[in-house]
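One structure is given here, and the rest of the page talks about it.
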Amino acid sequence: MVFDTTAIIKKALTECTGTADIQLTDGGEHADLASTVAFGLAKQRKQAPVKIAQDIVATLKNNKDLADQGIAVEAKGPYINFVFGSAYVSAAVKAATQPGYGSFPKKDTRITLEHTSANPNGPLHVGHIRNSIIGDTLARAFRKAGYRLEVQYYVNDMGRQIAIVVWGFDHLEHTRHEGEKEDAYIARVYIEANREIENDPGITQQVDKLMQLVESGDPGTVKKFRTVVSRCLDGFAVTMKNLNVKHDRFVWESDFVRNGDTKRIIGKIEKLPQARHEENLLALDLAEFGFANKYVIRRSDGTSVYAARDLAFHTWKSVNFDRAIDVLGADHKLIGAQLQCTLKLLGEKAPEIVNFEFVSLPEGSMSTRAGKFVSADDLIAEVTKQAFEEVTTRRPELDEDTRRSIAESVALAGIRYDIVKISPEKSTVFDWKEALDFERQSGPYIQYAHARACSILEKAGTFAECYDLETGQEITLAKEIAKFPGVIEKVVAELRPHLLATYAHELADTFNSFYHYEPVLKSEGKVRDRRLTLVLAVQNTLKESLETLGIDAIRTM
RNA sequence: GGGCGAGUGGCUUAGUCCGGAUAGAGCGUUAGCCUCCUAAGCUAAUGGUCGGGGGUUCAAAUCCCCCCUCGCCCGCCA
Numbered sequence: 038m039v040f041d042t043t044a045i046i047k048k049a050l051t052e053c054t055g056t057a058d059i060q061l062t063d064g065g066e067h068a069d070l071a072s073t074v075a076f077g078l079a080k081q082r083k084q085a086p087v088k089i090a091q092d093i094v095a096t097l098k099n100n101k102d103l104a105d106q107g108i109a110v111e112a113k114g115p116y117i118n119f120v121f122g123s124a125y126v127s128a129a130v131k132a133a134t135q136p137g138y139g140s141f142p143k144k145d146t147r148i149t150l151e152h153t154s155a156n157p158n159g160p161l162h163v164g165h166i167r168n169s170i171i172g173d174t175l176a177r178a179f180r181k182a183g184y185r186l187e188v189q190y191y192v193n194d195m196g197r198q199i200a201i202v203v204w205g206f207d208h209l210e211h212t213r214h215e216g217e218k219e220d221a222y223i224a225r226v227y228i229e230a231n232r233e234i235e236n237d238p239g240i241t242q243q244v245d246k247l248m249q250l251v252e253s254g255d256p257g258t259v260k261k262f263r264t265v266v267s268r269c270l271d272g273f274a275v276t277m278k279n280l281n282v283k284h285d286r287f288v289w290e291s292d293f294v295r296n297g298d299t300k301r302i303i304g305k306i307e308k309l310p311q312a313r314h315e316e317n318l319l320a321l322d323l324a325e326f327g328f329a330n331k332y333v334i335r336r337s338d339g340t341s342v343y344a345a346r347d348l349a350f351h352t353w354k355s356v357n358f359d360r361a362i363d364v365l366g367a368d369h370k371l372i373g374a375q376l377q378c379t380l381k382l383l384g385e386k387a388p389e390i391v392n393f394e395f396v397s398l399p400e401g402s403m404s405t406r407a408g409k410f411v412s413a414d415d416l417i418a419e420v421t422k423q424a425f426e427e428v429t430t431r432r433p434e435l436d437e438d439t440r441r442s443i444a445e446s447v448a449l450a451g452i453r454y455d456i457v458k459i460s461p462e463k464s465t466v467f468d469w470k471e472a473l474d475f476e477r478q479s480g481p482y483i484q485y486a487h488a489r490a491c492s493i494l495e496k497a498g499t500f501a502e503c504y505d506l507e508t509g510q511e512i513t514l515a516k517e518i519a520k521f522p523g524v525i526e527k528v529v530a531e532l533r534p535h536l537l538a539t540y541a542h543e544l545a546d547t548f549n550s551f552y553h554y555e556p557v558l559k560s561e562g563k564v565r566d567r568r569l570t571l572v573l574a575v576q577n578t579l580k581e582s583l584e585t586l587g588i589d590a591i592r593t594m
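Each number in the numbering used here corresponds to the 1-based position in the first sequence with 37 added.
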């Protein structure tokens with residue numbers, strides 16, 4: 038592992054200024070790291086910042102730690118700039134050529150990460166897969182950071198939506214179209230059933246009855262719910278596989294009713310001072326924590342609501358894991374906060390929640406019920422078709438199977454990258470033009486840089502690894518490579534996977550520049566060796582980055 | 001009405017938590033680069049009152065206050 042330059046510099050600055058809290062900023066083109074302590078000390082020392090910076094630099098020039106690591110110090114006006122030397126660069130490149138670069142030692146912390154958890158009443162659409170891709174990328178980053186992780190899908194198998202689907206199967210004419218996916222078929226029944234309910238509100242009572250039956254464990258009704266949900270999940274599995282998204286466990290909501298956990302948690306909640314009863318109705322008054330509305334736990338007909346089952350689920354997580362992380366859409370912010378608050382009142386660990394904002398269509402919000410959505414399957418199919426055309430244009434000499442395979446990887450890269458590169462707190466409007474664009478700020482662009490590196494290495498044959506870099510382009514690239522482990526750490530610490538997307542793009546960019554300026558295969562001797570070593574380091578770092586993003590690091594395209 | 005999130009060139013966006021050097025990118029437009037390692041590429045040019053107004057600070061896209069616009073939420077739905 039590369040030594041921690043930040044810590045060394047902070048320590049040196051603390052020693053010579055007496056200031057404990059040292060902030061380092063990115064030096065941009067001036068330096069690798071920079072300090073602005075001189076500004077803050079100006080008033081205190083009654084001296085000009087420029088003078089202070091000069092004095093500090095004079096002291097730091099004699100610092101042994103900095104000298105040992107080859108970190109150069111220089112004052113530029115009031116700024117104190119640090120430039121990493123060849124020892125740092127060599128060590129970074131050497132580390133980056135190793136398999137698994139950027140991985141951290143195994144940790145004992147057991148984490149559960151829940152993502153997607155869409156209601157099984159229709160196919161996953163482009164909004165749901167934002168959840169899947171953020172979640173899956175985070176999961177990959179956590180594993181790379183050494184954590185023991187279990188990824189879960191919480192199956193909402195007893196909600197009103199499912200009851201409506203079950204009602205539809207019982208009362209409506211329906212046949213599955215030839216070759217139709219199960220989840221798409223379920224959506225048709227769901228949409229049709231909702232239309233019927235609009236025309237005849239009396240149906241609502243029949244749906245309520247179904248919900249009571251399933252809660253009480255009526256075998257026939259339970260079986261119907263299970264069947265419908267399972268069929269829909271079979272459809273989801275295909276979509277998830279195509280998106281390279283993996284879940285380790287599917288947790289069924291109804292299990293928490295059947296095993297008695299929900300009843301037990303309701304019993305505990307009843308004893309909380311915030312509990313409010315009105316006959317059978319049980320709700321929590323969380324006004325003291327800033328929640329204006331009452332948090333209903335049990336209906337007046339005695340059945341539990343989603344919140345109660347969710348509390349039981351999260352209590353189970355609290356018992357079995359050290360940390361729980363939930364990836365939830367913006368519409369779940371309030372109930373997520375209420376859940377956290379209630380779990381704390383119960384003395385359980387509250388989950389950490391990663392929120393993301395909505396994806397809408399140009400014509401407005403998506404709605405499964407109204408049939409207004411772009412399904413993930415359609416997106417994958419369209420993008421793959423486009424990718425196949427691109428591959429065929431660029432590489433007509435390849436056989437069809439190879440082109441097909443490359444197209445699938447490119448499509449996956451396009452979709453996953455497009456979604457993960459955007460900060461989760463930004464709401465977006467789905468745009469076909471952007472989804473089908475494979476240029477520059479895209480997943481395929483990064484794959485291309487990787488394939489290019491692979492191609493060079495393949496043509497090079499064997500070479501002696503050499504870590505003594507010289508030119509500015511070489512050193513810039515090496516320093517970019519060196520950032521990778523830090524990026525993984527930051528993604529995990531801040532739960533922000535888009536940082537990795539940004540990094541991978543910057544690395545690909547830096548490599549492309551290098552590629553056009555510094556000939557590798559045509560250089561000779563030591564120069565050729567060190568550039569090939571650098572290409573190997575880039576290739577490996579890009580590969581690790583892509584795989585952590587859930588994108589295939591294909592060797593040719 | 002209340003709560004949360006967002007507002008950065010024509011379009012999409014990074015940076016905002018933790019204030020510092022000329023606000024980074026991509027698309028678009030314009031002009032170059034394949035007898036040379038994959039042109040899904042590279043080099044330039046173009047384009048920015050960082051929603052608006054106050055304030056704090058040596059220094060504000062970033063912190064504080066007010067306002068505007070958009071999205072989401074505020075159910076005995078999930």
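From the three backbone atoms N, C-alpha and C, an ideal C-beta is built for every residue, glycine too.
Residue i classed as buried or exposed, judged by whether at least 16 other C-beta atoms fall within 10 angstroms
{"i": "residue 335", "result": "buried"}
{"i": "residue 236", "result": "exposed"}
{"i": "residue 582", "result": "buried"}
{"i": "residue 385", "result": "buried"}
{"i": "residue 134", "result": "buried"}
{"i": "residue 578", "result": "buried"}
{"i": "residue 164", "result": "buried"}
{"i": "residue 38", "result": "Only weak support is given to the placement of residue 38: the predicted model assigns it a pLDDT of 40, under 50, and the value that follows is read from those uncertain coordinates. Classification for residue 38: exposed."}
{"i": "residue 84", "result": "exposed"}
{"i": "residue 81", "result": "exposed"}
{"i": "residue 427", "result": "buried"}
{"i": "residue 150", "result": "buried"}
{"i": "residue 72", "result": "buried"}
Secondary structure of residue i, DSSP reduced to three states
{"i": "residue 591", "result": "coil"}
{"i": "residue 360", "result": "strand"}
{"i": "residue 55", "result": "coil"}
{"i": "residue 38", "result": "Unreliable positioning characterises residue 38 in this predicted model, as indicated by a pLDDT of 40, which lies under 50. The coordinate reading is nonetheless provided below. Reduced to three states, the DSSP call for residue 38 is coil."}
{"i": "residue 319", "result": "strand"}
{"i": "residue 504", "result": "coil"}
{"i": "residue 390", "result": "strand"}
{"i": "residue 465", "result": "strand"}
{"i": "residue 583", "result": "helix"}
{"i": "residue 532", "result": "coil"}
{"i": "residue 473", "result": "coil"}
{"i": "residue 257", "result": "helix"}
{"i": "residue 431", "result": "helix"}
{"i": "residue 409", "result": "strand"}
Residue i vs residue j beta-carbon contact at 8 Å
{"i": "residue 108", "j": "residue 93", "result": "no"}
{"i": "residue 472", "j": "residue 420", "result": "yes"}
{"i": "residue 57", "j": "residue 100", "result": "no"}
{"i": "residue 140", "j": "residue 98", "result": "no"}
{"i": "residue 280", "j": "residue 413", "result": "yes"}
{"i": "residue 193", "j": "residue 290", "result": "yes"}
{"i": "residue 586", "j": "residue 489", "result": "no"}
{"i": "residue 406", "j": "residue 222", "result": "no"}
{"i": "residue 130", "j": "residue 518", "result": "yes"}
{"i": "residue 529", "j": "residue 548", "result": "no"}
{"i": "residue 482", "j": "residue 545", "result": "yes"}
{"i": "residue 503", "j": "residue 567", "result": "yes"}
Cβ-Cβ separation, residue j to residue i (assumed contact under 8 Å), whole Å
{"i": "residue 387", "j": "residue 381", "result": "5 Å"}
{"i": "residue 312", "j": "residue 321", "result": "6 Å"}
{"i": "residue 391", "j": "residue 171", "result": "7 Å"}
{"i": "residue 525", "j": "residue 359", "result": "Residue 525 to residue 359, Cβ: 20 Å. No contact."}
{"i": "residue 152", "j": "residue 410", "result": "Rounded, the Cβ-Cβ distance is 19 Å, inconsistent with contact."}
{"i": "residue 516", "j": "residue 69", "result": "7 Å"}
{"i": "residue 376", "j": "residue 348", "result": "7 Å"}
{"i": "residue 341", "j": "residue 303", "result": "7 Å"}
{"i": "residue 396", "j": "residue 465", "result": "5 Å"}
{"i": "residue 506", "j": "residue 551", "result": "No, residue 506 and residue 551 are not in contact; Cβ-Cβ is about 11 Å, not under 8 Å."}
Write down every uninterrupted run of the beta strand (DSSP E) in the stretch 128-181 whose length is 3 residues or greater and which is fully enclosed by it, in chain order. 147-151
4 or more residues per run - each alpha helix (DSSP H) lying fully within the stretch 179-233: 197-208
Mind pulling the beta strand (DSSP E) runs of 3 or more residues that sit fully within the stretch 342-388? 360-366
Segments assigned beta strand (DSSP E), at least 3 residues, entirely inside the stretch 49-93: 61-63 and 70-72
3 or more residues per run - each beta strand (DSSP E) lying fully within the stretch 260-317: 286-289 and 312-315
Residue ranges of each beta strand (DSSP E) within the stretch 89-120, 3 or longer: 108-113
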